[in-house]
Amino acid sequence: MSQQCPDTCLSARVTTNPGQTLTFGSLSTIVMAIQYLVSNETWLYDKTPWEDTKVSARECALSLCVNEYHDVLSQGVLQETVVSSWTDREPGSYTNDDKNFKAFIKYTNHSLDMGILLVDLSDLQIKIPDRDYKRQASALRKQYFNITQTTIVALQNVLSDGFGGIRDLKSPYRELR
Numbered sequence: 647m648s649q650q651c652p653d654t655c656l657s658a659r660v661t662t663n664p665g666q667t668l669t670f671g672s673l674s675t676i677v678m679a680i681q682y683l684v685s686n687e688t689w690l691y692d693k694t695p696w697e698d699t700k701v702s703a704r705e706c707a708l709s710l711c712v713n714e715y716h717d718v719l720s721q722g723v724l725q726e727t728v729v730s731s732w733t734d735r736e737p738g739s740y741t742n743d744d745k746n747f748k749a750f751i752k753y754t755n756h757s758l759d760m761g762i763l764l765v766d767l768s769d770l771q772i773k774i775p776d777r778d779y780k781r782q783a784s785a786l787r788k789q790y791f792n793i794t795q796t797t798i799v800a801l802q803n804v805l806s807d808g809f810g811g812i813r814d815l816k817s818p819y820r821e822l823r
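Start counting the sequence shown at 647; every next residue gets the next number (my numbering).
Written as structure tokens, this is what we have:
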């Protein structure tokens, strides 16, 4: 007598560490990546038994970026098209001078997520490459865009809460020493 598998259509894993992804390991402004296995619709509609169902693996990520838009306002309707997008983190940003922190950040593949560690960091900076900035200097006001640690932590906390508590927000933050 065989027991049926539960109706599992999706199995997911969430990470904030770019080194734990297959596709986004070099994305230096990753906020969160979701890796998931999804079953074929044949399982959902009882057309195949679980052991014969095809399963596919997928991955997607949310990262911080700076976009340049082309805007057109026509008859009261605004249309925006992304002309360029930049995601490269300035290497000396979102850090501090503590040697323990530098080891920690290397260990976590330069993740933006500090978990429960409490450490003051400089702003994360996304830089528009020199060639793009020089080409667009009249349209772009700044070459560097800053994102504060508070903004990054708040975004990660909201996402963590939405994905079932990646981080335990009730546990106290610890200072890195």
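Yeah, the Cβ is synthetic: ideal placement off N, Cα and C, and Gly gets one too.
Since we're looking at a predicted model, the values are computed, not measured.
For the 8 Å CB-CB criterion, E736 and Q771 form a contact. In the three-state scheme derived from DSSP, where H, G and I count as helix and E and B as strand, I676 is classed as strand. If you check the CB distance, L683 and V660 do not come in under 8 Å.
Here F750 carries a helix assignment [DSSP, helix/strand/coil].
In the DSSP annotation of this structure, the continuous segment of the beta strand (DSSP E) that includes D717 starts and ends at V712 to S720. Put simply, the region 674–690 touches the region 801–809. At least three CB pairs are less than 8 Å apart.
Taking each of W689, C706, E714 and T688 in turn and checking the Cα distance to R787, the smallest one comes out for E714. Per DSSP, N742 lies in no alpha helix (DSSP H) segment and is marked neither H nor E.
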